[in-house]
Amino acid sequence: MFKFLKRLRRDKPIETPEVIEEVLVAEPVVEIAPEPVVEEVKVEAPKPEVQKVEKPKPVEKPAVAVQEVELPKRSLGDGVRSLFSFAIELDDLEDILIRADFGVDAALEISDELKREANRAGASSDAELRLLLKDLLTKKLTRSDAALNLSDGKLPYVILVVGVNGAGKTTTIGKLSRWLRDGDWNVVLGAADTFRAAAVEQLATWASRADAKLVRPEKEGQDPASVAYQTVELALATDADIAIIDTAGRLQNKKDLMDELGKIRRAVEKQASIAEVLLVIDSTMGQNALAQAKAFAEVADVTGIVMTKLDGTAKGGILYSLQEQLDLPVKLVGVGEGINDFAFFSPEEFAKGLVAYKQER
Ligand SMILES: Nc1nc2c(ncn2[C@@H]2O[C@H](COP(=O)(O)OP(=O)(O)OP(=O)(O)O)[C@@H](O)[C@H]2O)c(=O)[nH]1
Ligand SMILES: [Mg+2]
2 MFKFLKRLRR
12 DKPIETPEVI
22 EEVLVAEPVV
32 EIAPEPVVEE
42 VKVEAPKPEV
52 QKVEKPKPVE
62 KPAVAVQEVE
72 LPKRSLGDGV
82 RSLFSFAIEL
92 DDLEDILIRA
102 DFGVDAALEI
112 SDELKREANR
122 AGASSDAELR
132 LLLKDLLTKK
142 LTRSDAALNL
152 SDGKLPYVIL
162 VVGVNGAGKT
172 TTIGKLSRWL
182 RDGDWNVVLG
192 AADTFRAAAV
202 EQLATWASRA
212 DAKLVRPEKE
222 GQDPASVAYQ
232 TVELALATDA
242 DIAIIDTAGR
252 LQNKKDLMDE
262 LGKIRRAVEK
272 QASIAEVLLV
282 IDSTMGQNAL
292 AQAKAFAEVA
302 DVTGIVMTKL
312 DGTAKGGILY
322 SLQEQLDLPV
332 KLVGVGEGIN
342 DFAFFSPEEF
352 AKGLVAYKQE
362 R
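Numbered according to the numbering used here, the sequence shown spans residues 2 to 362.
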């Protein structure tokens, strides 16, 4: 399980000791005062003369005390549909993987590797092949950068959530917020999808279900960047651990998208750094998902992928293609519409689901 750092709450006892392995107070951060900046100002007439001006030293912020926590366990459960309702045949494997959207090259590579492994291990029964395939997929899907970047202690962590219409951004934000609240994180949400009143209301509903604070636009069509700014402002003012910003999915073209996300990013960065830009992808979109993801990855400095609706597709291989072709980690997955239908991406659980591997086989 991943370990994260959130703000140490001094005002109340820690209520869920089972998820908190140890409480650490961060080493006091030694902030090195910058060298005084010297500005040269030219004074005109009569003789040119140089005057030295010292800028005031920036006020040093006290280090935030943080504690190391795990987040409550959520599992993919039965959310991943198996590719094999029948015995695995090595000769059919490549076709099955192609049909499940693994992509032609990956399908060939995986099926060749499985054949070699099976030969080497003398494996031929269905149970043996399932185990080997599960292990092979797990190995290929495992990356060292799959954890959310919530560990550098630079609070509040700011997460931008991007993706096309209907991908599942708002739903994912609701699920993620609830999960963080369950781990006693303080969460602020920003409704930067400002052009549809319904979008704001949808996020408001999730905010109340998740017990998160919400920053809404003061009027319809307010500049999304100003909502993002106010969201971070509220997070700072209320000592929140995390600010999550919902963005619009329906921009006309790449340039509009780039401009809007760029503005939001700059507004956030006036007060905090951006911990994650999560790209939400609907896994039922098949190969279209790949094209969308590439377009977003080009303009949005994406740091991780959220694959939603894995429960609604028998083509889970799209996750594999995306991770491979974009060289970006899948960090979170959605496996239903409910508030708990959501998990960190676990390559092993995912591979088990695809292969219908059960321990007791
Ligand atoms: N089955 C299933 N449905 C999901 C999942 N995630 C989201 N949905 C559904 O997908 C639909 C769209 O989700 P939203 O969260 O509104 O998507 P969005 O990206 O915010 O859409 P816009 O605000 O229009 O850009 C809703 O009906 C959700 O309930 C999932 O993991 N599984
Ligand atoms: Mg939305």
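Even for Gly, the Cβ is constructed at its ideal location relative to N, Cα and C.
Only a predicted model underlies this, so the values are computations on that prediction, with no experimental measurement involved.
- Taken atom to atom, the span from the alpha-carbon of V189 to that of F346 is near 23 Å.
- Among the bridge pairs identified by DSSP, K140 is matched with none.
- Annotation for N166: G250, R251 place their beta carbon closer than 6 Å to its own, counting only its chain and skipping 5 residues before and after.
- Nearest to I306 by C-alpha distance, out of I160, L215, D102, is I160.
- Secondary structure at E277: strand, using DSSP grouped into helix, strand and coil.
- K353 is positioned such that its CB atom lies closer than 9 Å to that of K135.
- Using a Cβ-Cβ distance cut-off of 8 Å, the segment 237-249 and the segment 146-160 are in contact, since at least three pairs of beta carbons, one from each stretch, lie closer than that value.
- In the assembly as shown, T173 is a buried residue. Its beta-carbon has 16 or more other beta-carbons within 10 Å.
- For M259, the secondary structure class from DSSP, reduced to helix, strand or coil, is helix.
- Take the alpha-carbon of Y321 and the one of F103: they are about 6 Å apart.
- The straight-line gap separating the alpha-carbon atoms of V334 and A268 is approximately 28 Å.
- In this structure, ligand 1 has a non-hydrogen atom nearer than 8 Å to the beta-carbon of V165.
- Taking C-alpha positions only, G318 is separated from L98 by approximately 7 Å.
- Per DSSP, R11 lies in no alpha helix (DSSP H) and is assigned neither H nor E.
- The bridge partners DSSP lists for M308 are I282, V334.
- Distances from the alpha-carbon of G175 to those of Q203, L151, K155 put Q203 closest.
- Sequence-distant partners of L91 (beyond 5 residues in either direction) whose C-beta falls short of 6 Å from its own C-beta, in its chain, are K116.
- Put simply, of L149, D113, K141, G80 the residue whose alpha carbon is nearest the alpha carbon of K4 is L149.
- In terms of side-chain proximity, the C-beta atom of T173 is found nearer than 8 Å to a non-hydrogen atom of ligand 1.
- Relative to ligand 2, the nearest heavy atom lies less than 8 Å away from the CB of A200.
- The alpha-carbon of W180 is positioned some 14 Å away from that of E338.
- Considering only D302, Y230, L291, the residue with the shortest C-alpha distance to Q272 is Y230.
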